[in-house]
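Participant:
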Amino acid sequence: MNLAIFFLVLGIPLTATICCIFIQRRWVFQATTITATALTAIAACILAVMVFVNTSVSAQGGFFYADALSAYVILIVTGSALVVAIYSVGYLDRQVSDGKIDPKILRLYFVLLNLFHSTMLLVLLSNNLGIMWIGIESTTLATAFLVAFYDRESSLEAAWKYVIISSVGITLALFGIILTYYSGLNAVHTSADALNWTTLMSVAQKLDPSILKLAFVFVLIGFGTKAGLAPMHTWKPDAYAEAPAPVTALMAAGLVNVALYAIIRFYILVNKSVGTTFAPTLLITFGLLSMAVALPFILVQKDVKRLLAYSSVEHVGIIAFALGLGTPLGYFGALLHMLNNAIVKLVMFLAVGNIRIAYNSKIIRRITGAIKIVPASATLLFIGMFALTGWPPFGLFVSELTIATAGFGSGNIFPTVLFLFLVAAVFVGLISYVSEMVFGEPPANARAGEPSVVSIIVLTGLLLISVVLGTAMPGTLFEFLQKIVMVLKG
Amino acid sequence: MLFISLGGFGIGAIIGLLLCLRVKGLNSQKLLAAGKNIAFGIAFLSSAAAFVLGLRIILSRQELSVKLLQTPLWGSFSLRIDFLSAFFLLVVSLLGCAVSLYSIGYTKQFTHRGKTGIFLFLYSALLLSLVGVVTAGNAVLFLIMWEVMALANYFLIEYEHESVSTRKAGFLYITMTHIGTAILVIMFMILHSYAHSFEFTAMGAVMGTIPPLVRSIVFLCALIGFGVKAGLMPLHIWLPEAHPAAPSNVSAIMSGVVIKTGIYGIVRVSFDLLGANPLEWWGILVLGIAVVSAVLGVLYALMEHDLKRLLAYHSVENIGIILMGVGGALCFSSLGHPTLAALALTAGLFHVLNHALFKGLLFLGAGSVNQATHTRNIEELGGLIGHLPWTAMFFLVGAAAISALPPLNGFASEWLTFQALLFGFNVSDFALKLAIPLTIALLALTGALAAACFVKAFGITFLGGARSHHAENAIESPMTMIVAMGALAALCIVIGILPGSVLTLLDPVTNAFFAVHIGSAAQLNPGTLLIQQGGGTSSSPLFIALLLAGLLLVPIVIAVAVGGRIRKRIAMTWACGLERIEPQMQYTATGFSKPIRMIFSNIVRARHEIEIENEISPYFRSTIRYELKTESIFHKYLYRPLNRAVLNSAHMLRNLQTGHLQTYLAYIFITLILLLIFAR
Amino acid sequence: MSDTLLIIASALVQLCIVLIGAPLIAGIIKKVKARMQNRKGAPVLQPYSDLNKLLKKEVILSSSSSWVFRATPYIVFTSILLIALLIPTLIVPVSLHWIGDIITVVYLLALGRFFTALAGLDTASAFGGLGSSREMSIASIIEPAMMLAIVASAVTAGSTDLSVIVSSLVSSPVSLIHPAHMLAFIGLFIVTIAETGRIPVDNPETHLELTMIHEAMILEYSGRYLAFIEWASQMKLFLFLALLSNMFFPVGIATSVTAAALIVGAVSLLAKVVVLAVVVAVIESTNAKLRLFRVPELLMVAFILSLLALILYFIIGG
Amino acid sequence: MVDANTASHLIDIFAATILVTAFLIVSSRSLLFYVRLFALQSLLLGMVALLVVVGYGESHILIAAVLTILIKAIAIPVALNRIIKKIEVQKEIALSINIPLSLLICGALMIVASSVAEPILAAQHQTTQTVSRVLPSSIAMMLIGLFIMMTRKKGVTQIIGLLTMENGLFLSGLAITYGMPLIVEVGIFFDIMVAAMILGVFVFRINQTFETINIDELRSLRH
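Residue numbers (my numbering), protein chains in the order written: chain A, 1330 to 1819; chain B, 354 to 1033; chain C, 7 to 324; chain D, 4 to 226.
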């Protein structure tokens, strides 16, 4: 049963990948993708229930492992993938009919999307830190061509930078993993288990702190590069701006959380072994640095997708900051923020995708009066912007307030004040640009009419979920998060 | 019984919300109008219910607390209506009633279905959140309501988003208010870290354990955070942009009650959450800010000839006057004079109510003018008293009230403020003794300037001859609008004549904070304000009104006795011998305020541009264009440099993203090296 | 019952004195000025006949004016009458003193001014607007100076009730020679000159557009309306002079309702007011009218003096 | 054949040589030389892996050793050579820091690396594990690889820098942990190969689109 569920979660998207390679008809591989992501999401739900009941699930002698933390991120990833799959169909059909994309390479897109999905799940399901690393490296490889999908100069440039920077980062992370393995070997003596997270956790007290500290530095920089923590975030605006909107959305909602997940795994380990000052200080520093670095780019920006990319940098910073607070409430806020941010980022990027189709531009100055051209998408974008910047009644308000509470509660007064200031300042940039896009008189060359009705329904649903999270968080979710907090406490 | 009232209100508001959502689905104009009327009707009834509730709570001297839900993170969300909340509830609901009524007529110009539906939704949401803000008993619930209010308000400001100035105003508003909220979050977090609870009662209970420095920080946070909303100088800059941009009925709500929530917050924090022993410099600081806001607010108002901007600046001024009372209360309270503190706070809160009434009235009047003439520029108006007789009359009442003329309500509260401040002389503190005469003098200056400003506003708009065809063809507003304005005008007069009745309502509020009854400082006759401190002083608006009416007989009798029946002749105004007088010859609003502009030239910093076109020779001029720009000193010396500095540094920092892959790798490299050194 | 009657009677007496006395003072000032200019001048009682004549004349109304224009004279006149009931002239305490203190008086003055200025704008003439504008501007700088001067005098008594202030001075005449008190007097005197529109602030006799303030506002008034406005400003001058004399030299003012005291009070009031009127006339004759934008400087002097008075009061103590 | 002690000494010598190749790469000007030096480096690394197999009896490393030699020492250099021949007119590298200064900086990096490795080496002393002095060299190689990527502007040089980093990584893995579990090792190899392929494809496409592989000119995405 345990093994079966792991195989389902991992296998369905992988199978879909392979199927898509061989399917020729457009609607078939589109349907395959949607079905696969939906089934994966269902399997993920089953896994989550199992984890909820049994605290953790493992198979193959601990090779596959899922606890509340992994189940949670899996739910986020599969959910996002489902949304993105549904959106992709309409979006890309529209782009094909507009002549933006060669219909022949449409299949490649779905192949890579499914591959991307499965690599992310690989990270989340393996207990072995080495496999986790392989998974994360594979996400880079799977997305490399997706970033360069449009085959423009700028997208090639973005993809090149993306792959190079990510590879450098991931190489550094691998060194961190080797160091961890080394310290594990000293404590465990059976080389097969010394990379297993659960094993390492059980012997955490015996691990050499100085090595683990070093390892954490490398891992943080490495996976931080993938997550987009400043100053390793530099690929993010390029890649996010150049990739097709649904890919960007999945990167912002899924990949970011996967990379953070990897950091969290190490964070737990290091905290247990080294004590709770070293790693938290680093995370708080990187968190605030990311927020601060993102700020000037949000205050002065020309390109709406880059704007959102920097917002993603900021939110990764928020999550890192919250994790760094090191208190249960901080963990709670961080976890909640992962979910909230994913939901709203999906809405934002996908709404921008719709607007981009209508205006054929992602330059902010050229997009005006969107409320008259694509009323639903513009409204979604606008409300999403408020959700993203932590206004009630949306979920991010709750998570950001939780984080602030935790910050003050943990005695990090000045960092928290800075945090609140940065959150507020980022809003200023976002509202100024988004309101200019949404309001005003539209230009003559814009095409009125929503590109896809399905996407509007889906995105509205997502916003409603965010509202639910912001007003009446389900008790089950609360309990679930409590369980994850227990995991994070070690 | 109270629960029924509250429940009725809640249901009313929810029905309002549902209904406006449904309106969006309906198709025909008729249904739209019907839905609109029903929605505003419900808003009216809901407000009325809230009014009854607030009144009951104060009269029955029984606080009300309703637990809404228990949250896992923030403790219990409850509405706790103590006397302060109840008083503000009264203010909110009074204006809510009037404006809802007014809106029925005013929104006839809204024909776009979807937009109107959204308007109704936002309007109801705004009223609901206002009630929520003043009744929330939990800091997080408060923040939620606070933000919903800001959001609803923002969208209402952006209602006419096609114009650039509206978008600018909306941006300024939402930016300022959001930064303010961030500071409020910091404040509540600090309080929470001592109280370990977000409930106001718990926060108030631990005030003794907070060290003075932290208390001061909390106070400053409150002053800045709430000050943004209240429009204190120099945090007011959004206010004169945002209030005019919104539709007039919304402006009335904004100026009348939304900014008062800032006052509510300041009072709530400094007297309730921080307890009864404030530090003295708080009060002095508040007095200072109050004076600056009042004087500069009215001066900038004088420089405006956009009717709604003018009114908006007056809101800044009146917030200053309110804060004089609050600041005085802080001073007295810190020096151990609870009775005086109660008196000062009463004066401030009384002015809260009064300002809500007359400012609401004035904005509604401005809305009627705007609707009738499609312009807010008073230079294009004139002579409207003939076309809009009712509007003119009610606007005049509002203008007189805001100028603190007896026997209207503005006079009563300003008189109380004067009295409260005057007793600062009896307090043995030199700083206060110096601060108070200056405050009094500047309050007098404010009052006089306000009168000057409203002579201008009323005189140029309603009197004389029409300066444009807009003004010539104006027609009077629909009945509901007139009734709403009339009701507010009547309230201005009634409260003006019977101020003691309001003081009775305020007694429990101050009693809760200072544990003294206002009755020990002032006697509470409905019609007379009697201060028993010192040598005793009194003023009786009721008798002033009666005597004014009675003494009117004297000139009438004299006129009839000496001159007999009046003989009248209608003639043209003397035009220095010219054949006839043109409306363009009248004094303009810009000209009217010129002497004051000259006197206060250092503060208002007017720049004028004159363009003259000559046709034949310099003596025969075809057109003269005169443009006057006033620039706020805060814009010039604070916000513009700040804005520039932020943008410049942002531009500079943006060079971090060079586009060079090598640089990016260098970032990683340097970070790695630094961390390696750190980790050793 | 007899108390009520007494109150009404005393109020009526007060009213009558002000109503009847005011034109006389105006006449005296004119006469003194004429004498100082080596003219014979009009009879002292000329203002009475002026008023009489105006009341009987036909009224000419501007076609562009509204009810505000017509109501204003009555409002101005009535508000001054009400002030007359609040300021101690003959007797202290005034029977109706509880109706309003000095702040009320200031704001009642503002009421009259507010409507006069509106009436100026109502006629659609450039002169009216000019007058209103100047009047309101000057008034706005008069008011803080006036308020501070009042506060400086009120602070000794600890009350803003005029009757209380005067009573306390009567009962402790020592405070009359307090330096703070004297400074406050000078401050209030300057304010009086400005508030009543005398030279050097305003010239009540000119109709030159460059200089006129108050006259410009009421340029369109005629007949009985003009009579009431004129009479009201005469009463205003009278009341201010009475106030000055009683607040700073409360000699002879009646403190009980006996015939003797009242007569002494009336005589002393008349004497003091006449003396002050002569002073005003002398100042008017020996000074030129100030430029409009020099007026703030003069009022600043009043303001500073009053502030100084207050500080002195705090330093030396009451 | 070779006991652990000898193997350890040999590994140390090989590691030093590998580091020297890295320095040589930094000091060279020709693209083709870059590729050759890299091939040599990978070959030496393969030898180290073989030594680990022989010396410590870690037989699963054999696969890694073979893969290293096959892929890194042969396949990738051949592919890179073809790319260079096909698209590169100019065989000279482009650099933003001159060679003497680069070498100086790399020397400094060496010092940083040894100071970083110190605590780990100290920890090794305490345990019964064989002391390895390879760790500083491998960290230094990673830093030098990153440094090459930072300062050399062409696409191919960047690939070589990245691969040098990975070689350093692999060296450290071999030296201190005698390799990873097999599946991990294979996975890592697979990933690196794919990454190198993808980068190669991008170099082609960039060359087609921009008519240069000078990365310095990829600067349209800023801010």
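Cβ coordinates follow ideal geometry from the N, Cα and C atoms, glycine included.
So what does DSSP say about Q939/B, is it helix, strand or coil?
Facilitator: Position 586 of the second sequence, counting from 1, holds the residue named residue 939/B. For Q939/B, the secondary structure class from DSSP, reduced to helix, strand or coil, is coil.
Participant: Find out if the Cβ-Cβ distance for the pair L761/B, F811/B is shorter than 9 Å.
Facilitator: On the second sequence, residue 761/B is found 408 positions in, with the first residue counted as 1. On the second sequence, residue 811/B is found 458 positions in, with the first residue counted as 1. No; because the gap between Cβ atoms is not below 9 Å, this pair is not in contact.
Participant: List the whole-angstrom C-beta distance separating L316/C from P790/B, where the pair is believed to meet the contact cut-off of C-beta under 8 Å.
Facilitator: Within the third sequence, residue 316/C is the residue found at index 310, counting from 1. Within the second sequence, residue 790/B is the residue found at index 437, counting from 1. The beta-carbon separation of L316/C and P790/B, rounded to 5 Å, stays under the 8 Å limit for a contact.
Participant: With a 10 Å radius around its C-beta and 16 neighbouring C-beta atoms as the bar for buried, classify R1685/A as buried or exposed.
Facilitator: Taking the first residue of the first sequence as position 1, residue 1685/A is located at position 356. R1685/A comes out buried.
Participant: Determine the direct distance from the alpha carbon of I1597/A to that of M1384/A, and round the result to whole angstroms.
Facilitator: Working through the first sequence from its first residue, we reach residue 1384/A at position 55. Working through the first sequence from its first residue, we reach residue 1597/A at position 268. Checking the sequence, you will find Thr at residue 1384/A rather than Met. Using only the alpha carbons, I get a separation of about 17 Å.
Participant: Identify every residue that forms a DSSP beta bridge with D1632/A.
Facilitator: Taking the first residue of the first sequence as 1, we reach residue 1632/A at position 303. Per DSSP, I1692/A.
Participant: Look at the alpha carbon of A116/C and the alpha carbon of F244/C, and state the distance between them as a whole number of angstroms.
Facilitator: Counting from 1 along the third sequence, the entry for residue 116/C is found at position 110. Counting from 1 along the third sequence, the entry for residue 244/C is found at position 238. Approximately 17 Å, taken between the alpha carbons.
Participant: At 7 Å on the CB atoms, spell out the chain A contacts of M144/D, in chain order.
Facilitator: Counting from one through the fourth sequence, the residue named residue 144/D turns up at place 141. Per Cβ cutoff of 7 Å: no residues; M144/D is ~11 Å from chain A at best.
Participant: Would you say N1457/A reaches chain D, if we count a Cβ-Cβ gap shorter than 9 Å as a contact?
Facilitator: Counted from its first residue, the first sequence places residue 1457/A at position 128. By this cut-off, N1457/A is an interface position.
Participant: If you scan the stretch 1504–1560 of chain A from start to end, which runs of the alpha helix (DSSP H) of 4 or more residues do you find wholly inside it?
Facilitator: 1526–1531, 1538–1556
Participant: What residues in its chain sit with their C-beta under 8 Å from that of L525/B, if we drop five residues either side in the sequence?
Facilitator: As a working note, residue 525/B is residue 172 in the second sequence. If we look at L525/B and ignore the five residues flanking it on each side, its Cβ neighbours are I590, W591, E594, A595.
Participant: Could you give the distance in angstroms between the alpha-carbon of A68/D and the alpha-carbon of T1500/A?
Facilitator: Within the fourth sequence, the letter at position 65 stands for residue 68/D. Within the first sequence, the letter at position 171 stands for residue 1500/A. Cα to Cα, A68/D sits roughly 19 Å from T1500/A.
Participant: Between which two residues does the alpha helix (DSSP H) holding Y990/B run?
Facilitator: Along the second sequence, read from residue 1 onward, the residue named residue 990/B stands at position 637. Looking at the DSSP string, Y990/B is not in any alpha helix (DSSP H), and its letter there is neither H nor E.
Participant: Alpha carbons only, please: which of V263/C, T166/C, S159/C is nearest the one belonging to I14/C?
Facilitator: Start at 1 with the first residue of the third sequence, and residue 14/C comes out as number 8. Answer by Cα proximity: V263/C.
Participant: Measure the C-alpha to C-alpha separation of L30/C and P53/C and round it to an integer number of angstroms.
Facilitator: Working through the third sequence from its first residue, we reach residue 30/C at position 24. Working through the third sequence from its first residue, we reach residue 53/C at position 47. Between the alpha carbons of L30/C and P53/C lies a gap of roughly 7 Å.
Participant: Applying the criterion that 16 or more other CB atoms from any shown protein chain within 10 Å of the CB defines a buried residue, is N1600/A buried or exposed?
Facilitator: For the purposes of this step, residue 1600/A is taken as the residue at position 271 of the first sequence. That one is buried.
Participant: In three-state terms, what does DSSP make of R300/C?
Facilitator: Position 294 of the third sequence, counting from 1, holds the residue named residue 300/C. In the three-state scheme derived from DSSP, where H, G and I count as helix and E and B as strand, R300/C is classed as helix.
Participant: Are there 16 or more other CB atoms within 10 angstroms of the CB of K231/D, so buried, or fewer, so exposed?
Facilitator: A question about residue 231/D goes unanswered here, because the residues of chain D that appear run from 4 up to 226.
Participant: What is the rounded straight-line gap between the Cα of P1342/A and the Cα of P1780/A?
Facilitator: Counting from one through the first sequence, the residue named residue 1342/A turns up at place 13. Counting from one through the first sequence, the residue named residue 1780/A turns up at place 451. Looking at the two C-alpha atoms, the distance is approximately 27 Å.
Participant: Could you name the residues of chain B that S99/D contacts, counting a contact when the two beta carbons are closer than 7 Å?
Facilitator: Locating residue 99/D in the fourth sequence gives position 96, where the first residue counts as 1. In chain order: Q1015.
Participant: In this structure, how does DSSP classify V376/B when only helix, strand and coil are distinguished?
Facilitator: As a working note, residue 376/B is residue 23 in the second sequence. Confidence in V376/B is poor, its pLDDT being 48 and thus under 50, which makes the residue's placement too unreliable to answer from.
Participant: For a contact defined as C-beta to C-beta under 8 Å, what are the partners of G1769/A on chain B?
Facilitator: Start at 1 with the first residue of the first sequence, and residue 1769/A comes out as number 440. In chain order: H514, E515, V517, R520.
Participant: Can you round the beta-carbon distance between A1753/A and G1662/A to whole angstroms, since I take them to be within the 8 Å contact cut?
Facilitator: Within the first sequence, residue 1753/A is the residue found at index 424, counting from 1. Within the first sequence, residue 1662/A is the residue found at index 333, counting from 1. A Cβ-Cβ distance of about 17 Å is found for the pair A1753/A and G1662/A, leaving them out of contact under the 8 Å criterion.
Participant: Starting from the C-beta of G533/B, find all residues in its chain whose C-beta is less than 8 Å away, skip the five residues before and the five after it, and write them out in chain order.
Facilitator: Against the second sequence, residue 533/B aligns to sequence position 180. Excluding sequence neighbours, G533/B sits near I577, G578, F579, G580, V581, K582, L588.
Participant: Quick check on the DSSP output: the beta strand (DSSP E) that includes V1386/A runs from which residue to which?
Facilitator: Residue numbering aside, residue 1386/A sits at position 57 when the first sequence is read from its first letter. Note, V1386/A: beta strand (DSSP E), 1385–1388.
Participant: If we require 4 or more residues per run, which alpha helix (DSSP H) segments fall completely within the stretch 87–170 of chain C?
Facilitator: 108–128, 132–163
Participant: Which of helix, strand or coil does DSSP assign to G1396/A?
Facilitator: Counted from its first residue, the first sequence places residue 1396/A at position 67. Before going further, note that residue 1396/A is Asp rather than Gly in the sequence given. Here D1396/A sits in strand by DSSP.
Participant: Does DSSP put E962/B in a helix, in a strand, or in coil?
Facilitator: Locating residue 962/B in the second sequence gives position 609, where the first residue counts as 1. In this structure, E962/B counts as strand in the three-state DSSP scheme.
Participant: Who pairs with D625/B in a beta bridge, going by DSSP?
Facilitator: Within the second sequence, residue 625/B is the residue found at index 272, counting from 1. Bridge partners of D625/B according to DSSP: none are assigned.
Participant: Please confirm whether R993/B has its beta-carbon closer than 9 Å to some beta-carbon of chain A.
Facilitator: Here residue 993/B corresponds to residue number 640 of the second sequence, with the count starting at 1. It does not: the Cβ of R993/B has no partner Cβ on chain A nearer than 9 Å.
Participant: Once you ignore the five residues that flank F397/B on each side, which residues in its own chain have a CB closer than 7 Å to its CB?
Facilitator: As a first step, residue 397/B is located in the second sequence; it is residue number 44 there, counting from the start. Within the same chain, F397/B has close Cβ partners C450, S453, L454.
Participant: Find the nearest neighbour of S608/B within the set G903/B, T562/B, F472/B, A709/B, judged by alpha-carbon distance.
Facilitator: Stepping through the second sequence from its first residue, residue 608/B is reached at position 255. It is A709/B.
Participant: Excluding the 5 residues flanking T20/D on each side, which residues of the same chain have their C-beta closer than 6 Å to its C-beta?
Facilitator: Taking the first residue of the fourth sequence as 1, we reach residue 20/D at position 17. Here the set comprises L47.
Participant: Output, in sequence order along the chain, the residues in the stretch 1016–1030 of chain B whose CB is closer than 7 Å to any CB in chain A.
Facilitator: Y1017, L1018, Y1020, I1021, T1024, L1025, L1028, L1029
Participant: Can you give me the C-alpha to C-alpha distance between G889/B and F776/B, rounded to a whole angstrom?
Facilitator: Sequence index remark: in the second sequence, residue 889/B carries index 536 (1-based). Sequence index remark: in the second sequence, residue 776/B carries index 423 (1-based). Cα to Cα, the separation comes out at about 11 Å.
Participant: I need the boundaries of the beta strand (DSSP E) containing S891/B, first residue and last residue.
Facilitator: The residue labelled residue 891/B in the question sits at position 538 within the second sequence. Counting along the chain, the beta strand (DSSP E) containing S891/B begins and ends at 890–892.
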